[in-house]
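Contents: one structure, followed by commentary.
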DNA sequence: TTACGTGCAAATAATTTGCAGTCCC
DNA sequence: GGGACTGCAAATTATTTGCACGTAA
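Residue numbers (our numbering), protein chains in the order written: chain A, 50 to 197; chain B, 50 to 197.
Here it is, written out as structure tokens:
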């Protein structure tokens, strides 16, 4: 999976020690809560997580973390490039632990977000941005519904 | 403005009378507020509108409409296919009066949404949906930032 | 020590809802 | 008249913020 980019090495299926190293690398103090959340996020491969989901996992695991800290941590991780924000519906924000170029399936009813392997979607003939602007990223969301 | 001709006839650049006809066609009663909002929405070509924007326009035009009715109307119009929901950031929802297939530019800083003409983006090699699901729509959002 | 982190509770922001009163057919 | 529609205010939901206290370097 992510065994390529230097920055991504320790991020997938990493050990507890890797989380510590990861935090050090991005310049965030390895606090109890960041270590725990880092493990939940990066300890089991690619995931799509909302603040609520992560909060639930922490609670269930009896790791005391406040919801505010969940939000702080998700945003800090995003700012240093460990996570990627994904917007699909108007309400919740999803955070994707896969920071490589790829797009998403979204099952409307189930609020289920799914990676589309990079290369499975080709966006061709990219329109050039209006004058004075440059493209930062292109997001593709393929919306799904259950077959009848 | 436009005095068009086809299926979308009354939908783009329409006159007051056209809004009435449009409402009748989709089975919504032509109330004072729906006529007014319909005119704001469809009276001047393609637009991207939030509830807040539309509310502001109505207020400025001294058309008495409550915010709740703005939301109701936007959703009703969407449900009958007159509008299309566009999700770009986690917060506001945009409604697009252009219901044809097309994608969007989004200038992050400015909260400015812009149509990309259909055909200007080609999504090739569409991934087939997971078993039991079918694709309802594919959204492409090209995110922009001001050049330095 | 000391700046960075965290928790809590209160504050926002966008949107929804309940319901009494109003309007169209 | 009767159901569809509207307005208001209160309720929800997701997220943010202010600030006293805790903790890694």
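Note that CB positions come from ideal geometry on N, CA and C, so glycine has one too. All figures in this text were calculated on a predicted structure; none of them were measured in a lab.
When the Cα atoms are used, residue 90 of chain A and residue 185 of chain B turn out to be separated by approximately 30 Å. For the segment 119-169 of chain A, the full-length beta strand (DSSP E) segments reaching 3 residues or more read 133-135, 143-145, 152-156 and 161-165 along the chain. Only exposed fits residue 166 of chain B, as fewer than 16 other CB atoms lie within 10 angstroms of its CB.
Here DSSP, grouped into helix, strand and coil, assigns residue 194 of chain A to strand. Taking a beta-carbon distance threshold of 8 Å, residue 193 of chain B counts as an interface residue toward chain A.
Taking a beta-carbon distance threshold of 8 Å, residue 165 of chain A counts as an interface residue toward chain B. Taking the Cα of residue 195 of chain B as reference, the smallest distance to any Cα among B:154, B:171, B:183 and B:132 is reached at B:154. Taking CB atoms only, residue 96 of chain B has no neighbour in chain A less than 8 Å away. Between residue 189 of chain A and residue 143 of chain A, the CB-CB gap reaches or exceeds 8 Å. Shown here, residue 173 of chain B sits in a strand according to DSSP, grouped into three states. Selection A:69, A:112 and A:192 evaluated against residue 136 of chain B yields A:192 as nearest (Cα-Cα). Sequence-distant partners of residue 170 of chain B (beyond 5 residues in either direction) whose C-beta falls short of 6 Å from its own C-beta, in its chain, are 152 and 189.
Residue state for residue 78 of chain A is assigned as coil, using DSSP reduced to three classes.
Against chain A, a Cβ distance below 7 Å from residue 78 of chain B picks out nothing, because the smallest value is about 27 Å. Residue 114 of chain B has no beta-bridge partner at all, per DSSP.
Sixteen is the threshold: when 16 or more other Cβ atoms of the shown chains lie within 10 Å of the Cβ of residue 96 of chain B, as they do, the residue is buried.
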